[in-house]
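Residue numbers (the numbering used here), protein chains in the order written: chain A, 13 to 344; chain B, 24 to 316.
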């Protein structure tokens, strides 16, 4: 690992020096897969804003991948200045290894998450199976497509949202476990990641309902044409935070601390929040949220902390090897 | 003693022992040094990094990581599916190589080039296109599904994907051997009254068997490590259609580096033993058929 780290570091710094000749200051944002379109638009807005307020030119590069694959890459030496993830455990992992500040969650407003998302259902046009809420997903004739919680944050959120639904409607943990187990018995294919799940549902035509992030719903309409699927808002769902943090290790070396903080702070501006809303990502700014109420239908949302302590505790209890999720498949 | 050894060396002949200890080809030490350096750099150092990471676990943790029911099921699936796929490839790969070597027909060059395609194609592309073909609404799948034959999103899909990526290995190892095989021997066998089957069984097969085994070993080894193409077609249900590489990715997702490398080490160990056995089989087969071991 040491050797590999050195090689990646050497390569990364080579690439860095190469780009530094070209532009005055560059910023690398390591982000998750499906945020590509949002950050493309946001970066353009930020560059213009920075030029106007400070008169300095800046160039923002993006690196996208699975959220936790990105976290591992940054941990192993990828010289990103900021990380913008879709799972808090990914940033907590970096904090544990001293790559980002230990108190990262308090450095920016709103638990360092400028935007959030939640889990919704997508059903086939006209909703032939009449799916309205979580309880419809455990009916014997319903096939559910969901991401494998072992390989994707999307799947972990879907699992926790289903669990939380039972708790929110007065059930016990034991009842929640039974409910989630029944739900996963209706899953014919565990998708690898969010986009893979969408492909299985829409292109392979498998399943009656897809559980996915609200932001995916917008991109489905864009890519597959509106009217192929209907979005269903369940009565209860979970708040999925999109945490951001400055990579202290990189900015200390590159001297880009100020810029990195400005970049993340601007995510909370009205302009950035509007861009997020257009991409189906829930803004934290209540004014903007209200303005886009037709996209973000109000539904009863609960934070992970309400039933699971934190996402990393949920990870330990539910998703690590031998945890609650494994029991669905190994205990007969 | 020395002369006995020397006489077996084809180059020793009658020359004096002193001269004979010098090799005919210069640069042995340099090239061996380079070989060792290169192998260490490309193969051994990354592998030892893997082992070191595994050693951070205690025995109990190691055992828990590599022998939980889900992981055991994945070994059975990965090695079983790879074995079946390699077997199928041996049979059809030989057929393909035979046709390409022994017959002339229009479009032969194109077919020859097509064989290499699975080498070049990104495996994810292979997986996605196979899934698109075989899924219930795909070109092929739509005709099979009504008859209860499901090829995608289960173990069948895994084997099909592995057959696809392993095919060139068998064809490309058998092809040159078939080309070099002496046709005169086959003619002689026919003259001596051998039936076609006997000619194949006693003349052709022994000469290509080592190459077939090599092709099998390569296709098998390639299939064990395959991730990209399988993942799209497997369905990925724990205990049923979850391959070992997916278990490793799953462990990495929960930042369990040590657990992931532990499973990888076990995989590596099994693969290494299997390849050793295949190599031994090969040299045994070669000795038996009278060639040099």
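Where is the CB? At the ideal position from N, CA and C, for every residue including glycine.
Margin query: Please identify the residue among 252/A, 77/A and 326/A whose C-alpha is closest to the C-alpha of residue 166/A.
Written below: 252/A
Notebook entry, point to check: If we call anything under 9 Å between Cβ atoms a contact, is residue 108/B one with residue 242/B?
Noted result: yes
Next item on the list: May I ask which residues mark the beginning and end of the alpha helix (DSSP H) holding residue 178/B?
Entry: Its alpha helix (DSSP H) spans residues 178-203.
Margin query: 9 Å is my cut-off, CB to CB: does residue 189/B come that close to chain A?
Written below: Not an interface residue.
Checklist line | 8 Å contact criterion, which residue 46/A and residue 207/A should meet: CB distance rounded | finding: 7 Å
Checklist line | Continuous alpha helix (DSSP H) stretch holding residue 44/A: start and end | finding: Segment 38-44 is the beta strand (DSSP E) holding residue 44/A; no alpha helix (DSSP H) there.
Notebook entry, point to check: Pairing CB atoms from the region 110-124 of chain B with CB atoms from the region 181-191 of chain B, are three or more of them under 8 Å?
Noted result: Result yes; three or more Cβ-Cβ pairs closer than 8 Å.
Notebook entry, point to check: What is the DSSP secondary structure of residue 266/A, reduced to helix, strand or coil?
Noted result: helix
Check: For the region 284-292 of chain A against the region 37-51 of chain A, are there 3 or more C-beta pairs whose distance is under 8 Å?
Finding: yes
Check: If you drop the 5 nearest sequence neighbours on each side, which residues of the same chain put their C-beta closer than 7 Å to that of residue 34/A?
Finding: Model confidence at residue 34/A stands at a pLDDT of 45, short of 50, so the residue's coordinates are unreliable; what they give is reported in the following sentence. Excluding sequence neighbours, residue 34/A sits near nothing in its chain.
Checklist line | Member of 319/A, 245/A and 67/A whose CA lies at the smallest distance from the CA of residue 180/A | finding: 319/A
Next item on the list: Report yes if the CB atom of residue 251/B is closer than 9 Å to the CB atom of residue 149/B, and no otherwise.
Entry: Yes, the pair counts as a contact, with Cβ atoms nearer than the cut-off.
Next item on the list: Would you tell me roughly how many angstroms separate the C-alpha atoms of residue 294/B and residue 244/B, rounded to the nearest one?
Entry: 7 Å
Next item on the list: With a threshold of 16 other CB atoms inside 10 Å of the CB of residue 93/A, please say whether the residue is buried or exposed.
Entry: buried
Item checked: Contact check, residue 41/A vs residue 72/A, beta carbons under 9 Å -> Yes, Cβ-Cβ distance for residue 41/A and residue 72/A is below 9 Å.
Check: How would you write the range of the beta strand (DSSP E) that residue 53/A sits in, first residue to last?
Finding: Here residue 53/A belongs to no beta strand (DSSP E); instead the alpha helix (DSSP H) covers 48-66.
Item checked: From 277/B, 96/B, 231/B and 155/B, residue whose alpha carbon lies closest to that of residue 106/A -> 277/B
Next item on the list: Answer yes if the region 252-267 of chain A comes into contact with the region 182-199 of chain A, meaning at least three C-beta pairs across the two stretches below 8 Å, and no otherwise.
Entry: no
Note to self: Less than 9 Å between the C-beta atoms of residue 180/B and residue 253/B, yes or no?
What the structure shows: In contact: residue 180/B and residue 253/B (Cβ atoms closer than 9 Å).
Margin query: For the region 185-211 of chain A, list every residue whose C-beta sits within 9 Å of some C-beta in chain B, in sequence order.
Written below: 199, 200, 201, 202, 203, 204, 208 and 211
Checklist line | Close beta carbons around residue 327/B, own chain, < 6 Å, minus the five adjacent residues each side | finding: As shown, chain B starts at 24 and ends at 316. That puts residue 327/B outside it, with no answer to give.
Checklist line | Cross-strand partners of residue 252/A (DSSP beta bridge) | finding: 129/A
Item checked: Whole-Å CB distance - residue 298/B paired with residue 246/B, under 8 Å assumed -> With 8 Å as the limit, residue 298/B and residue 246/B do not qualify as a contact, their Cβ atoms being about 13 Å apart.
Next item on the list: Take residue 200/B as the anchor and find which of 237/B, 137/B and 288/B has the nearest alpha-carbon.
Entry: 237/B
Next item on the list: Establish whether the CB of residue 162/A and some CB of chain B are separated by less than 9 Å.
Entry: Cβ-Cβ to chain B under 9 Å: yes for residue 162/A.
Check: Apart from the five residues on each side of it in sequence, which residues of its chain come closer than 8 Å, Cβ to Cβ, to residue 326/A?
Finding: 168, 172, 316 and 320
Check: Under the three-state reduction of DSSP, which class applies to residue 330/A: helix, strand or coil?
Finding: helix
Next item on the list: For the beta strand (DSSP E) holding residue 254/B, just list the boundary residues, first then last.
Entry: Element bounds for residue 254/B: not the beta strand (DSSP E) but the alpha helix (DSSP H), 253-256.
Margin query: If you measure between the beta carbons of residue 195/A and residue 209/A, is that distance less than 9 Å?
Written below: no
Checklist line | Simplified DSSP assignment, three categories, for residue 140/A | finding: coil
Next item on the list: Take the Cβ of residue 234/B as the centre, count every other Cβ of all protein chains shown within 10 Å, and call the residue buried at 16 or more, exposed below.
Entry: buried
Next item on the list: Compile a chain-ordered list of the residues in the region 332-343 of chain A whose CB is closer than 7 Å to at least one CB of chain B.
Entry: Under the 7 Å Cβ criterion, the region 332-343 of chain A contributes 332, 333, 334, 338, 341 and 342.
Notebook entry, point to check: In the DSSP assignment, what residue or residues form a beta bridge with residue 72/A?
Noted result: 39/A
Check: Which partner residues of residue 294/A appear in the DSSP bridge assignment?
Finding: 128/A
Notebook entry, point to check: What does residue 96/A pair with, by DSSP beta-bridge criteria?
Noted result: 43/A and 256/A
Checklist line | Residues near residue 135/B by beta carbon distance below 7 Å, same chain, minus five either side | finding: 123
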